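Student: I have a structure I would like to understand better, so I am pasting it below and will then ask my questions one at a time.
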Amino acid sequence: MSLEIWISFVLASGVLLAIPGPTLMIVISYALSGGRRTALATMPGVALGDLTAMTISLLGAGAVLAASATLFTLLKVAGALYLVWLGFRLWRAEGGVEDVAARAPRSPLAMFRTAYIVTALNPKGIVFFVAFVPQFVNVNEPAFVQFAILEATFVTLAAVNVLIWAFLAGTVKQRFASPGAVRLMNRTGAGFLIAAGLLTALVRRTA
């Protein structure tokens with residue numbers, strides 16, 4: 002793989018990752034409700050989720066999802082309902098610190114699990130990788146090595162992207178710590194989660 006192709010992949014991936022989707026909305030939601038340290042627990046989940054989705058795609062499951070309307074719809078609906086449920090839980094949290102702590106995930110493992118599930122099982126992402134990654138593969142060179150480089154690059158960029166969004170959203174949380182502001186940020190975060198669920202539900206298979 003040439004340096005030029007790799008740089009093109011980095012630039013294209015960076016632009017795509019900067020666009021808020023279900024995964025980023027989860028990160029923002031956790032950062033607004035619990036601060037950036039809380040949101041940072043999602044980073045390994047996002048990274049592992051992207052790695053899983055890319056690997057599944059490159060092994061051929063992405064093509065199956067693209068061809069099977071039923072399987073695609075089942076994954077889409079399950080993911081959408083999960084996100085909306087998380088959003089409603091956060092919406093019900095009041096402005097008090099105690100209530101926020103009760104509603105928020107109790108451990109980094111819980112946040113890791115949520116981020117991983119949403120990222121890895123996003124059917125749109127799996128299908129997307131099938132169409133996106135091969136554009137940067139040289140057919141005259143070993144495919145496995147190229148796929149490994151591209152996966153490692155994308156996962157690293159995804160982790161950095163999570164760090165940036167968690168820091169920005171967490172900074173907002175730190176500046177507005179009154180009960181009323183906490184309630185507003187909880188509901189804003191809940192709105193992001195519910196919106197992520199609706200976006201997931203509206204995803205259509207590519208023809």
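With the numbering used here applied, the sequence shown corresponds to residues 2 to 208, in that order. From the three backbone atoms N, C-alpha and C, an ideal C-beta is built for every residue, glycine too. All of these numbers come straight from a predicted model, not from anything done at the bench.
So is residue 214 buried or exposed if we call it buried at 16+ other beta carbons inside 10 Å?
Tutor: Residue coverage of the chain in this structure runs from 2 to 208, which leaves residue 214 outside it and unanswerable.
Student: Where does residue 35 fall in DSSP's three states?
Tutor: The residue given as residue 35 occupies position 34 in the sequence shown. The answer is helix: DSSP assigns residue 35 an H, G or I state.
Student: Exposed or buried, what is residue 1 when buried is set at 16 or more other beta-carbons lying within 10 Å of its beta-carbon?
Tutor: What the structure shows of the chain is the stretch from 2 to 208, and residue 1 is not part of that stretch, so it cannot be assessed.
Student: Out of 150, 8, 27, point me to the one whose CA is closest to residue 170's CA.
Tutor: For the purposes of this step, residue 170 is taken as residue 169 along the sequence shown, with counting starting at 1. Taking only the C-alpha atoms, the option nearest residue 170 is 27.
Student: With DSSP collapsed to three states, give me the class of residue 123.
Tutor: Counted from its first residue, the sequence shown places residue 123 at position 122. Reduced to three states, the DSSP call for residue 123 is coil.
Student: Whole angstroms is fine: what's the gap from residue 153's alpha carbon to residue 23's?
Tutor: As a first step, residue 153 must be located in the sequence shown, where it is residue number 152. As a first step, residue 23 must be located in the sequence shown, where it is residue number 22. Distance between the alpha carbons of residue 153 and residue 23: 21 Å.
Student: Residue 60: which of 188, 196, 134, 81 sits nearest, CA to CA?
Tutor: The residue given as residue 60 occupies position 59 in the sequence shown. Here the closest residue by C-alpha is 134.
Student: Counting C-beta neighbours from all protein chains within 10 Å, is the total for residue 8 16 or more, i.e. buried, or is it exposed?
Tutor: For the purposes of this step, residue 8 is identified with residue 7 of the sequence shown, where counting begins at 1. It is exposed - the Cβ of residue 8 has fewer than 16 other Cβ atoms within 10 Å.
Student: Report the option in 112, 159, 123, 188 whose CA atom is closest to the CA atom of residue 16.
Tutor: If you number the sequence shown from 1, residue 16 lands on position 15. Nearest option by C-alpha distance: 159.
Student: Comparing C-alpha positions only, which one of 144, 41, 90, 33 sits nearest to residue 110?
Tutor: Here residue 110 refers to the residue found at position 109 when the sequence shown is read from its first residue. The shortest C-alpha separation from residue 110 is found at 41.
Student: Is it buried or exposed, residue 3, if we count other Cβ atoms within 10 angstroms and call 16 or more buried?
Tutor: Along the sequence shown, read from residue 1 onward, the residue named residue 3 stands at position 2. It is exposed - the Cβ of residue 3 has fewer than 16 other Cβ atoms within 10 Å.
Student: Since I believe residue 130 is in contact with residue 44 (beta carbons under 8 Å), could you give me their beta-carbon distance rounded to a whole number of angstroms?
Tutor: Here the question's residue 44 lines up with position 43 in the sequence shown. Here the question's residue 130 lines up with position 129 in the sequence shown. Not confirmed; about 20 Å, so no contact.
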